[in-house]
Amino acid sequence: METFAFYIFAGITILASLFVVGQRNPMYSVMSLIASFGALAGLYVLLDAPFTAVTQIIIYAGAIMVLFLFVVMLLNASREEAAPPVTQLVGRTGLRIGAVLSLLLGAEIVWALSRVGVTRFGEDPAAASVSSVRRIGTGLFTDHAFAFEATSILILVAMVGAVVLARRER
Amino acid sequence: MTFDPTVVARLGLILVIFNMLVLSAAFMVWMERKVCAYIQDRPGPNRVGFEGVLQPFADVLKLLFKETLRPKAADALLFVIAPIISTATAFAAFSVIPFGTETTLFGLLAEPVPLQITDVNVAVLVIFAITSMGVYGIVLAGWSSNSKYSLLGGLRSSAQMISYELSYALALAAVILMAGSLSLREIVVSQSGMWFGFIPRWYIIPQFFGFIIYMIAGVAETNRSPFDFPEAEQELVAGYHTEYSSMAFAMFFLAEYVNMVTVSAVATSLYLGGWLGPFLPDWLGWFWFLLKVFLLLFFYVWMRWTLPRYRYDQLMEFGWKYLLPAAVINLLATAAVVLWLEG
Amino acid sequence: MVSLNHYLILSGVLFAIGTAGVFLRRNLITVLLSVEIMLNAVNLTFVAVGRYLGTVDGQIITFFVMTVAAAEAAVGLALVISLFRHKETLSPDAFTALKW
Numbered sequence: 696m697e698t699f700a701f702y703i704f705a706g707i708t709i710l711a712s713l714f715v716v717g718q719r720n721p722m723y724s725v726m727s728l729i730a731s732f733g734a735l736a737g738l739y740v741l742l743d744a745p746f747t748a749v750t751q752i753i754i755y756a757g758a759i760m761v762l763f764l765f766v767v768m769l770l771n772a773s774r775e776e777a778a779p780p781v782t783q784l785v786g787r788t789g790l791r792i793g794a795v796l797s798l799l800l801g802a803e804i805v806w807a808l809s810r811v812g813v814t815r816f817g818e819d820p821a822a823a824s825v826s827s828v829r830r831i832g833t834g835l836f837t838d839h840a841f842a843f844e845a846t847s848i849l850i851l852v853a854m855v856g857a858v859v860l861a862r863r864e865r
Numbered sequence: 010m011t012f013d014p015t016v017v018a019r020l021g022l023i024l025v026i027f028n029m030l031v032l033s034a035a036f037m038v039w040m041e042r043k044v045c046a047y048i049q050d051r052p053g054p055n056r057v058g059f060e061g062v063l064q065p066f067a068d069v070l071k072l073l074f075k076e077t078l079r080p081k082a083a084d085a086l087l088f089v090i091a092p093i094i095s096t097a098t099a100f101a102a103f104s105v106i107p108f109g110t111e112t113t114l115f116g117l118l119a120e121p122v123p124l125q126i127t128d129v130n131v132a133v134l135v136i137f138a139i140t141s142m143g144v145y146g147i148v149l150a151g152w153s154s155n156s157k158y159s160l161l162g163g164l165r166s167s168a169q170m171i172s173y174e175l176s177y178a179l180a181l182a183a184v185i186l187m188a189g190s191l192s193l194r195e196i197v198v199s200q201s202g203m204w205f206g207f208i209p210r211w212y213i214i215p216q217f218f219g220f221i222i223y224m225i226a227g228v229a230e231t232n233r234s235p236f237d238f239p240e241a242e243q244e245l246v247a248g249y250h251t252e253y254s255s256m257a258f259a260m261f262f263l264a265e266y267v268n269m270v271t272v273s274a275v276a277t278s279l280y281l282g283g284w285l286g287p288f289l290p291d292w293l294g295w296f297w298f299l300l301k302v303f304l305l306l307f308f309y310v311w312m313r314w315t316l317p318r319y320r321y322d323q324l325m326e327f328g329w330k331y332l333l334p335a336a337v338i339n340l341l342a343t344a345a346v347v348l349w350l351e352g
Numbered sequence: 569m570v571s572l573n574h575y576l577i578l579s580g581v582l583f584a585i586g587t588a589g590v591f592l593r594r595n596l597i598t599v600l601l602s603v604e605i606m607l608n609a610v611n612l613t614f615v616a617v618g619r620y621l622g623t624v625d626g627q628i629i630t631f632f633v634m635t636v637a638a639a640e641a642a643v644g645l646a647l648v649i650s651l652f653r654h655k656e657t658l659s660p661d662a663f664t665a666l667k668w
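Residue numbers (the working numbering), protein chains in the order written: chain A, 696 to 865; chain B, 10 to 352; chain C, 569 to 668.
Below you can see the structure in the form of structure tokens.
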């Protein structure tokens, strides 16, 4: 059952990401990416991380993608020009070197995957006793408190920066 | 394949809740028109069925027989998907709301089944996540209709929804702080018991301002009056659903009413004690739950037909400059009091 | 039986798709979307390995990565808007001169 769910979610994620990269219309790219994020949230649930899954939907699919959607609608970016063919970009020698390198990469991946053993997941420790949200909260505010506070300053800086950059010059 | 009675009971529960939501949307249509009529000192629908109770069904039949139009310049895929997203997210948010304790269906089941579709331990965040996905239905409807009124309505509506989501989340956070858990069932259970024997321990009493902030943010989230500028008939034709007709329009309508029911149900669970009530036995708790949700829905309708509408810039200014600081101060005060009481 | 290998291979594939998007697309917004794909692949790796090691630190780091991604998307899109205002195009090939 879990394996089945994993393959479904993984398939949706990869398919949606391919749509994002291969799609001509930016609006459809944004919608496919939202679907990909939803499937990723499903994968997080399979990994016993419900808080991360919900945060992924709230922040990525619910806020960042709305921002992308607004910008696409504001700029009215409909369809883009076709990319120049690859031969024009890199030339003949480039193509040959690229082919050799990708063959090498493929061989290396196959070799690595055939040698590695299968690492299985253990039982989730302390899963039953303390809820994961409580553990995350404790970790965030004790061990990683400095990073947490620094992130708040980062967001403030990003907010101010975005407002200043997008302002119309008088 | 043997029929495990618990599984059948759970599937039956899903069916019951789905039907309950659809019927409650129909009931809301009737209640809205009746209450509006009485506020405006006229009788309201009274021809179809006793006191007009069958009026919503007549409305649905009328909408079904209308022609489904699609503007030629509209983006076909997104035009069709938008009402689907709105409706799906509206219904999905109800999946974690508890409306009673466990039931054994008068002894038919071996082990009791809680009156809730599922209980996750991050339930409050799940509701928030699904509600924030509902913005897409509106944005896509506005964009794909390819008409000025729709686009403006869609943009304004979604900007309003994401602005008020912040105050919504902060009001929720204050209750979570007091209850110590994110699961809705545990939050309701922590409101049981009484102070001095007769005042129930509902969170509305210590969190009164939080409740007001939550209700205001909830009304703005569901795009209802007095915050319904983006879809007001007098201002923008009909906002983001101008170009929709027949069943797609009905789906947007349905989504809006189900969203209202969800906001009221969450407010009931968080602030008004869920299914807890004085006289009835525990297993009849769902009666109190429905009564409280009905009271909040009546409050919604009452507000719509009594208060004038906010202008769009007034609405955004209120959300960012007044409601958000109030929600932050509420959270800080709650945190201070909780810390003081525990230390 | 789903093991850690499955998740790592999946996130490797996602990262590769994102990188391909950054290199091959001629639209600034799609480039930013591909960067988001890459960040998500990294998030998946963190959560999977954190689950394998039994700590909750993987999810905490994911939290920070999401926040940084939000900040970066906001500033990146503001830059895209301001670039669009100058040249009325979203193709990165148009912005090759060092001054406007």
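All C-beta atoms in this analysis are idealised placements derived from N, C-alpha and C, irrespective of residue type, glycine included.
Contact between alanine 609(C) and glycine 586(C) holds: their C-beta atoms lie close to 6 Å from each other, under 8 Å. Here the C-alpha atom of threonine 343(B) lies approximately 28 Å from the C-alpha atom of methionine 634(C). One alpha carbon belongs to isoleucine 709(A), the other to phenylalanine 220(B), and they sit about 43 Å apart. By the criterion of a C-beta distance shorter than 6 Å, aspartate 291(B) is surrounded in its chain by Thr110, once the five residues flanking it on both sides are discounted. Short of 8 Å from the beta carbon of lysine 655(C), and not among the five residues preceding or following it, lie these beta carbons of its own chain, in chain order: Ala662, Phe663.
Under the Cβ criterion (8 Å, minimum of three pairs), the region 271-287 of chain B counts as touching the region 200-210 of chain B. Within its own chain, the residues whose Cβ lies closer than 8 Å to the Cβ of methionine 325(B), once the five positions on either side in sequence are excluded, are Ala168, Gln169, Ser172, listed in chain order. Closest option to isoleucine 126(B), judged by alpha-carbon separation, among Phe103(B), Ser141(B), Ile147(B): Phe103(B). Under the three-state reduction of DSSP output, methionine 203(B) falls in the strand class. Contact annotation: the region 293-301 of chain B does not touch the region 136-152 of chain B, with fewer than three C-beta pairs closer than 8 Å.
For the pair tyrosine 177(B) and alanine 99(B), the CB atoms are not nearer than the 7 Å cut-off. At least one CB atom of chain B sits nearer than 7 Å to the CB of valine 761(A).
A straight-line Cα-Cα distance of about 21 Å links arginine 791(A) and alanine 584(C). Shortest Cα-Cα distance from alanine 641(C) to any of Val767(A), Asn771(A), Phe763(A), Met696(A) involves Phe763(A).
Residues are counted here when their Cβ sits less than 7 Å from a Cβ of chain A; for the region 594-626 of chain C these are Arg594, Asn595, Ile597, Thr598, Leu601, Ser602, Glu604, Ile605, Asn608, Leu612, Val615, Ala616, Arg619, Tyr620, Gly622, Val624, Asp625, given in chain order.
Chain A has no Cβ within less than 7 Å of the Cβ of valine 133(B).
Under the 7 Å criterion on CB atoms, alanine 138(B) is classed as interfacial with respect to chain A.
Secondary structure of isoleucine 208(B) (DSSP, three-state): strand. In chain order, Ala842, Thr846 make up the part of chain A whose C-beta sits under 7 Å from the C-beta of phenylalanine 632(C). Around the CB of glycine 801(A), fewer than 16 other CB atoms lie within 10 Å, so the residue is classed as exposed. Taking the CA atoms as reference points, isoleucine 338(B) sits about 28 Å from lysine 301(B). Closest in alpha carbon position to isoleucine 629(C), among Val811(A), Asp838(A), Ser797(A), is Asp838(A). The C-beta separation of alanine 639(C) from isoleucine 850(A) comes to about 6 Å, placing the pair in contact by the 8 Å criterion.
For methionine 722(A), the chain B residues whose Cβ falls inside 9 Å of its Cβ are Asp84, Leu87, Leu149, Trp152, Ser153, in order along the chain. Contact with chain B is found for methionine 768(A), since one of that chain's Cβ atoms lies less than 7 Å from the residue's Cβ. C-alpha of aspartate 68(B) to C-alpha of leucine 175(B): approximately 36 Å in a straight line.
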